[in-house]
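If you read the protein sequences in the order shown, they are chains C and X. Taking the numbering used here, the leading residue of the first sequence gets 117, the next gets one more, and so forth. Taking the numbering used here, the leading residue of the second sequence gets 83, the next gets one more, and so forth. Worksheet: one structure, shown below.
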Amino acid sequence: MIRDITIGQYYDTDSVIHRLDPRVKLAFTLLYIISLFIGHGPVCYAYAAAFLVLVIVLSKVPVRFMVKGLRGMLVILIISALFNVFLVQGEIIFRWWIFSISKEGVRTAVLMVVRLVFLVIGSSLMTLTTTPNDLTDGLERSLRFLKVIRIPVHEIAMMMSIALRFIPILIEEVNKIMKAQIARGADFESGGLVKKAKAMVPLLIPLFVSAFRRASDLALAMEARCYHGGEGRTKLHPLTYQKRDFLAYAVLLLYFGGMIAMAAVLP
Amino acid sequence: MNIIEILHLIHEYKEYDENETETETVRAIDDVTLSIEEGSFVTVLGHNGSGKSTLAKHVNALLLPTGGTVVLCGQDTLKTGELWQLRKNAGMVFQNPDNQIIASVVEEDVAFGPENLGVPTEKLEHRVERALEKVGMTAFRMNSPNRLSGGQKQRIAIAGMLAMKPKVILMDEPTAMLDPVGRKEVIETVHELNREEGITILLITHYMEEAVDADRVIVMDGGRLIMDGTPREVFSRVEELKECRMTVPQVTELAFELKKEGLPLPDGILTTEEFAEALMKLRT
Chain C
117 MIRDITIGQY YDTDSVIHRL DPRVKLAFTL LYIISLFIGH GPVCYAYAAA FLVLVIVLSK
177 VPVRFMVKGL RGMLVILIIS ALFNVFLVQG EIIFRWWIFS ISKEGVRTAV LMVVRLVFLV
237 IGSSLMTLTT TPNDLTDGLE RSLRFLKVIR IPVHEIAMMM SIALRFIPIL IEEVNKIMKA
297 QIARGADFES GGLVKKAKAM VPLLIPLFVS AFRRASDLAL AMEARCYHGG EGRTKLHPLT
357 YQKRDFLAYA VLLLYFGGMI AMAAVLP
Chain X
83 MNIIEILHLI HEYKEYDENE TETETVRAID DVTLSIEEGS FVTVLGHNGS GKSTLAKHVN
143 ALLLPTGGTV VLCGQDTLKT GELWQLRKNA GMVFQNPDNQ IIASVVEEDV AFGPENLGVP
203 TEKLEHRVER ALEKVGMTAF RMNSPNRLSG GQKQRIAIAG MLAMKPKVIL MDEPTAMLDP
263 VGRKEVIETV HELNREEGIT ILLITHYMEE AVDADRVIVM DGGRLIMDGT PREVFSRVEE
323 LKECRMTVPQ VTELAFELKK EGLPLPDGIL TTEEFAEALM KLRT
């Protein structure tokens, strides 16, 4: 079961959105978030919603997966809504004791919640439709320009992909160590939070020791296979733009332009 | 032609105690001279701590000599500036199959070596395909390495070496963590590569059975090279091998004990078939 673990929240299916170059999806996420902050008023948000629905339908990812991402945000959503409702000044429509609710307050609260919901769904669309490996590749390619200011983009991407490869192995290892400790009478189940945390210590130490040993082995294996940084490295599957990627860029820009125009024209 | 040329190799490292003060200098390899012919299959045997792994790591310059020289394909490892240029000639397969697979997809892992060498993308595809074919793992090309058995993972690691088109493959106890089935898989694959591709193999192991089919067997103990010869020559020296805490293959030992008891058997019997034949001859 552990072996089948999927990292992140990638939803495996075949759709137009899944097949897009990861760079396009990164651009989508970025521009979509910006567009949410440019837009104001119900018309803009209806426009953003329509675009989001279009992408969701194309991605073939069931809506409940998007909603799952929202559950973790619930507290933040409620808090930001309450703050807006009570603190925004304006034409008062309801008053009780020291609390007052203004018309403008309700309006901003609703818009704020809608904006946050769209933001979360929009960015989880990327992780739902892109494998972590593709995502790493896409990030490496699109952030390449940062090399100019000496940010080791290739190295960071390599670390990310190695981390992804070793997560399932380390999870398996944790289970193994846990069983070995339970067999010798360790108790991970009972007690309060502090006691449980303390019980983790004999689990973490062997895990760290083994992780370091693995890292040292891996470094040796990489050196034996002529790894010497990103300089002069080629790729088996380099990212190349297809026709559909350019089309997606066009649609994305069209949407973004539309949003700017709308925000400028509408009061 | 000799592909590996080792002359008076010495390797020392310093041991430190908890306060990081030097306690002693350990000599892991002590004056080893050895040359290995191109296309041969050489097995290095030795007990834990005999220096056999250290020796192999000198060949592809993962370790550099404290004294003496190591020459691989005509290049002195101490005098070569860019060591990765040298390492493409000698691939190395390690003991733990999990700790040497770098990518999350089989084909991408096989491509890792040639990617580092800067092989153009059009040629990579072909290299990966051929390497996987050679180790019989084509069907698993798109799989995640996590789902493979130990033997399969080691074959992927071997394919990763093959894709770099090396002249030598160094195997550092590649079967130590495998079950008998996986062990057989790996050893058979390596023999095939030696026969069909003419790749020189340096197999480090402590399983005597794996040494039987080699062209040459080298025995190390305490950092020194103590025996060097064909498997038959080496395994007929049962007493000496036992002195350096090594066992000979079971059937060899049985024949040796029987001979000691007075049965006129030949020296250095290596396989069960051979032993059976020798016994049959005795009856007539």
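Where is the CB? At the ideal position from N, CA and C, for every residue including glycine.
(message) What does the alpha-carbon distance come out to for the pair Leu160 of chain X and Val153 of chain X?
(response) On the second sequence, residue 160 of chain X is found 78 positions in, with the first residue counted as 1. On the second sequence, residue 153 of chain X is found 71 positions in, with the first residue counted as 1. Near 9 Å, if we compare the C-alpha coordinates of Val153 of chain X and Leu160 of chain X.
(message) Among the candidates X:Ala172, X:Trp166, X:Asn101 and X:Leu89, whose CA atom is the shortest distance from the CA of Leu285 of chain X?
(response) For the purposes of this step, residue 285 of chain X is identified with residue 203 of the second sequence, where counting begins at 1. Comparing Cα-Cα distances from Leu285 of chain X to each of X:Ala172, X:Trp166, X:Asn101 and X:Leu89, the minimum goes to X:Ala172.
(request) Taking only the alpha-carbon atoms, compute the straight-line gap between Leu352 of chain X and Glu291 of chain X and give it to the nearest angstrom. (result) As a working note, residue 352 of chain X is residue 270 in the second sequence. As a working note, residue 291 of chain X is residue 209 in the second sequence. Looking at the two C-alpha atoms, the distance is approximately 9 Å.
(message) Give me the subset of the segment 221 to 238 of chain X whose CB atoms are less than 9 Å from a CB atom of chain C, sorted by chain position.
(response) Answer set for the segment 221 to 238 of chain X: Ser226, Pro227, Asn228 and Arg229.
(message) Output needed in chain order: residues of the segment 303 to 335 of chain C with a Cβ under 7 Å from some Cβ in chain X.
(response) Arg330, Asp333 and Leu334
(message) Please give me, in chain order, every unbroken run of the alpha helix (DSSP H) with length at least 4 that falls completely inside the segment 274 to 341 of chain C.
(response) As far as the segment 274 to 341 of chain C is concerned, its whole alpha helix (DSSP H) runs of at least 4 residues are 309 to 315 and 317 to 340.
(request) Evaluate the contact criterion for the segment 249 to 258 of chain C versus the segment 226 to 235 of chain C: three or more CB pairs, one atom per stretch, below 8 Å. (result) no
(message) Whole angstroms are fine: how far does the CA of Met274 of chain C sit from the CA of Phe181 of chain C?
(response) Here residue 181 of chain C refers to the residue found at position 65 of the first sequence. Here residue 274 of chain C refers to the residue found at position 158 of the first sequence. Each residue's Cα considered, the two are about 29 Å apart.
(message) Cβ closer than 7 Å: which chain C residues qualify as neighbours of Leu206 of chain X?
(response) Here the question's residue 206 of chain X lines up with position 124 in the second sequence. Thr350 and Leu352, listed in chain order.
(message) Under DSSP, the beta strand (DSSP E) around Ile92 of chain X begins and ends at which residues?
(response) Position 10 of the second sequence, counted from the first residue, corresponds to residue 92 of chain X. First-last of the beta strand (DSSP E) with Ile92 of chain X: Asn84 to Tyr98.
(request) Compare the beta carbon distance of His270 of chain C and Gly346 of chain C with 8 Å and say whether it is the shorter of the two. (result) As a working note, residue 270 of chain C is residue 154 in the first sequence. As a working note, residue 346 of chain C is residue 230 in the first sequence. Against a cut-off of 8 Å, the Cβ pair of Gly346 of chain C and His270 of chain C comes out as a contact.
(request) Would you mind giving the Cβ-Cβ distance between Val177 of chain C and Leu244 of chain C, rounded to the nearest angstrom? I have them listed as a contact below 8 Å. (result) One-based indexing of the first sequence puts residue 177 of chain C at position 61. One-based indexing of the first sequence puts residue 244 of chain C at position 128. Yes, Val177 of chain C and Leu244 of chain C are in contact; Cβ-Cβ is about 5 Å, under 8 Å.
(message) I need the straight-line Cα distance from Arg265 of chain X to Val217 of chain X, nearest angstrom please.
(response) Here the question's residue 265 of chain X lines up with position 183 in the second sequence. Here the question's residue 217 of chain X lines up with position 135 in the second sequence. Rounded to whole angstroms, Arg265 of chain X to Val217 of chain X spans 14 Å at the Cα level.
(request) Output yes if chain C places a C-beta closer than 8 Å to the C-beta of Lys380 of chain X; else output no. (result) An answer regarding residue 380 of chain X cannot be provided, because it is not within the stretch 83 to 366 covered by chain X.
(message) By the DSSP assignment, the beta strand (DSSP E) with Ser117 of chain X in it spans what residues?
(response) Here residue 117 of chain X refers to the residue found at position 35 when the second sequence is read from its first residue. Segment Glu104 to Glu119, the beta strand (DSSP E) holding Ser117 of chain X.
(request) Compile a chain-ordered list of the residues in the segment 267 to 300 of chain C whose CB is closer than 8 Å to at least one CB of chain X. (result) Ser277, Ile278, Leu280, Arg281, Pro284 and Ile285
(request) Under the assumption that Ala245 of chain X contacts Ala213 of chain X (Cβ atoms under 8 Å), give the Cβ distance between them as a whole number of angstroms. (result) Counted from its first residue, the second sequence places residue 245 of chain X at position 163. Counted from its first residue, the second sequence places residue 213 of chain X at position 131. Yes, they are in contact, since the Cβ atoms of Ala245 of chain X and Ala213 of chain X sit about 4 Å apart, within 8 Å.
(message) Please report the distance separating the alpha-carbon of Ala164 of chain C from that of Pro158 of chain C.
(response) For this step, residue 164 of chain C is matched to residue 48 along the first sequence. For this step, residue 158 of chain C is matched to residue 42 along the first sequence. If I take the Cα positions, the gap works out to 10 Å.
(request) Can you give me, in chain order, the residues of the segment 248 to 273 of chain X that have a beta carbon less than 7 Å from any beta carbon in chain C? (result) none
(request) Give me the Cα-Cα distance between Asp303 of chain C and Val290 of chain C, rounded to the nearest whole angstrom. (result) Taking the first sequence and counting its residues from 1, one reaches residue 303 of chain C at position 187. Taking the first sequence and counting its residues from 1, one reaches residue 290 of chain C at position 174. Distance between the alpha carbons of Asp303 of chain C and Val290 of chain C is about 15 Å.
(message) Just to confirm my understanding: we take Gly206 of chain C, look at its own chain, exclude 5 residues before and 5 after, and list those with CB closer than 6 Å. What are they?
(response) As a working note, residue 206 of chain C is residue 90 in the first sequence. A distance below 6 Å between beta-carbons, with the five flanking residues on each side excluded, links Gly206 of chain C to the following residues of its chain, in chain order: Ser218, Lys219 and Glu220.
(message) Does the CB of Met117 of chain C have a neighbour CB from chain X at under 8 Å?
(response) What you label residue 117 of chain C is simply residue 1 of the first sequence in a count that begins at 1. Confidence at Met117 of chain C is low in this model, with a pLDDT of 33, below 50, so its placement is unreliable and the value that follows should be read with caution. Judged by the 8 Å Cβ criterion, Met117 of chain C is not in contact with chain X.
(message) Check for me: the beta strand (DSSP E) holding Trp212 of chain C runs from which residue to which?
(response) The residue you call residue 212 of chain C lines up with position 96 of the first sequence. Counting along the chain, Trp212 of chain C sits inside the beta strand (DSSP E) bounded by residues Ile208 to Trp212.
(request) Return the chain-ordered ranges of every alpha helix (DSSP H) run that is complete within the segment 171 to 216 of chain X and spans a minimum of 4 residues. (result) 188 to 199 and 203 to 216
(message) Can you give me the C-alpha to C-alpha distance between His387 of chain C and Val222 of chain C, rounded to a whole angstrom?
(response) No statement about residue 387 of chain C is possible, as the shown extent of chain C runs from 117 to 383 and does not include it.
(request) Could you tell me whether the Cβ of Met338 of chain C comes closer than 8 Å to any Cβ of chain X? (result) In the first sequence, counting from the first residue as 1, residue 338 of chain C sits at position 222. Chain X contact via Cβ: present.
(message) Going by DSSP, what residue range makes up the alpha helix (DSSP H) through Ile238 of chain X?
(response) In the second sequence, the residue the question calls residue 238 of chain X occupies position 156. Gly232 to Leu244 is the extent of the alpha helix (DSSP H) around Ile238 of chain X.
(request) Starting from Val201 of chain X, find everything on chain C with Cβ-Cβ shorter than 8 Å and list it in chain order. (result) Counting from one through the second sequence, the residue named residue 201 of chain X turns up at place 119. Thr350, listed in chain order.
(request) Classify Gln125 of chain C as buried or exposed, calling it buried when 16 or more other Cβ atoms lie within 10 Å of its own Cβ. (result) In the first sequence, counting from the first residue as 1, residue 125 of chain C sits at position 9. Label assigned to Gln125 of chain C: exposed.
(message) With a threshold of 8 Å between beta carbons, is Ser186 of chain X in contact with chain C?
(response) On the second sequence, position 104 is the one that residue 186 of chain X refers to. Output row for Ser186 of chain X: interface = yes.
(request) Use the C-beta contact count for Val263 of chain X: other C-beta atoms within 10 angstroms, 16 or more gives buried, fewer gives exposed. (result) Locating residue 263 of chain X in the second sequence gives position 181, where the first residue counts as 1. Val263 of chain X should be labelled exposed.
(request) Write down the C-beta distance between Thr282 of chain X and Lys249 of chain X rounded to the nearest angstrom, noting that I regard them as a contact closer than 8 Å. (result) One-based indexing of the second sequence puts residue 282 of chain X at position 200. One-based indexing of the second sequence puts residue 249 of chain X at position 167. With a Cβ gap of about 6 Å, Thr282 of chain X and Lys249 of chain X count as contacting.
(message) Please tell me whether His134 of chain C has its Cβ less than 8 Å away from any Cβ of chain X.
(response) As a first step, residue 134 of chain C is located in the first sequence; it is residue number 18 there, counting from the start. No, His134 of chain C lies away from the interface with chain X (no Cβ there is under 8 Å from its Cβ).
(message) So if DSSP puts Gly44 of chain X in a beta bridge, which residue, or which two residues, is it bridged to?
(response) There is simply no residue 44 of chain X to check, as chain X begins at 83 and stops at 366 in what is shown.
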